[in-house]
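Our numbering runs 931 ahead of the 1-based position in the sequence shown. Contents: one structure, followed by commentary.
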Amino acid sequence: MTPADLQKKLTEIMETAGRNHYYIKKEDVEKEFGEFDLDEAQMKLVYEFLMAKRIVVGGFSKESDSSEIRPEWTKEEEDFLIRYREDLMSMPLLEKDTEEFRNAFECAARGDEGARNRLSEAFLQDVVDQAVRSYTGAVLLPDMIQEGNLRLVLALDVFDYGQEDAEKKLPEVIMEEIRSGIHSLEEEQKDVHARDERLVDKVVDLKDSIE
932 MTPADLQKKL
942 TEIMETAGRN
952 HYYIKKEDVE
962 KEFGEFDLDE
972 AQMKLVYEFL
982 MAKRIVVGGF
992 SKESDSSEIR
1002 PEWTKEEEDF
1012 LIRYREDLMS
1022 MPLLEKDTEE
1032 FRNAFECAAR
1042 GDEGARNRLS
1052 EAFLQDVVDQ
1062 AVRSYTGAVL
1072 LPDMIQEGNL
1082 RLVLALDVFD
1092 YGQEDAEKKL
1102 PEVIMEEIRS
1112 GIHSLEEEQK
1122 DVHARDERLV
1132 DKVVDLKDSI
1142 E
């Protein structure tokens, strides 16, 4: 095994996980690396590398290392993400660029609320992917996904279905609203943290002045 071989295999696995919404099972990684005869410690490094690339490795978890610059999910967030992804993957969700999607879009354009709800299914995985990419640790991952889903529903409600090339424009408009919502939530939470820190500083200063 050469470093080039290892890098090639890691790239292939990341591409595979990317096509599966940044999720791959631990046993699938083990199969991919079977020819390399890696020991347990080496495989652990592989899993941790993938997690550092924001890929969920189902069946593997590690304690967060506070010395790492890039924030990692808590164990609770990781467990939630794995369950949530598996739930979505088990559901017969509407897929974009299909005849069923086009039919749902046409019904939604006529004001059919049920059709708009059906359309939202096609973007649920996108919400998760965006939350994963945007994660900084300022907001819990489940809260980010919840906000993204809320913005998804709102965007479908206010979208101009009568505009030219509306169906082609829909995904871009939806994703922009999802990104905006998640970003706004993070900024709001950062402001709250900053205010809390300033309040603590003032209390400490007051305590010092009294003493």
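All residues carry an ideal CB built from backbone N, CA and C; glycine is no exception.
{"Item": "Identify, in the order they occur along the chain, each residue of the same chain with its Cβ nearer than 6 Å to the Cβ of GLU999, setting aside the five sequence neighbours on each side.", "Value": "Residue placement at GLU999 is flagged as unreliable, the pLDDT there being 40, under the threshold of 50; a coordinate-derived value is accordingly withheld."}
{"Item": "Which stretch, first to last residue, makes up the alpha helix (DSSP H) that contains VAL960?", "Value": "957-963"}
{"Item": "Once DSSP output is grouped into helix, strand and coil, what is the label at TYR1066?", "Value": "coil"}
{"Item": "For GLY989, report the span of its beta strand (DSSP E) as first-last.", "Value": "987-989"}
{"Item": "Verify whether the separation of the beta carbon atoms of LYS939 and GLU963 is less than 8 Å.", "Value": "no"}
{"Item": "Per DSSP, TYR907 is paired with what?", "Value": "The displayed coordinates of the chain run from 932 to 1142. Any statement about residue 907 would go beyond what the structure contains."}
{"Item": "Give the single residue among ASP959, LEU937 and SER1065 whose Cα lies nearest to the Cα of THR947.", "Value": "ASP959"}
{"Item": "So, does the CB of THR1067 fall closer than 8 Å to a CB anywhere in chain C?", "Value": "Looking at the structure shown, chain C is missing, and only one protein chain is on hand."}
{"Item": "What first and last residue would you give for the alpha helix (DSSP H) that runs through ALA1039?", "Value": "1030-1040"}
{"Item": "Here's the rule I'm using: 16 or more other beta-carbon atoms within 10 Å means buried, otherwise exposed. How should ALA1035 be labelled?", "Value": "buried"}
{"Item": "CA-CA distance, SER1115 and ASP970?", "Value": "44 Å"}
{"Item": "Using the C-alpha atoms, what's the distance from MET982 back to LEU1012?", "Value": "13 Å"}
{"Item": "Going by beta carbon distance, what residues of the same chain come within less than 8 Å of GLU1008, once the five residues before and after it are set aside?", "Value": "LEU1071, LEU1072 and PRO1073"}
{"Item": "Run the CB neighbour count on ARG1049, radius 10 Å, all protein chains shown included, and call it buried at 16 or more, exposed below.", "Value": "buried"}
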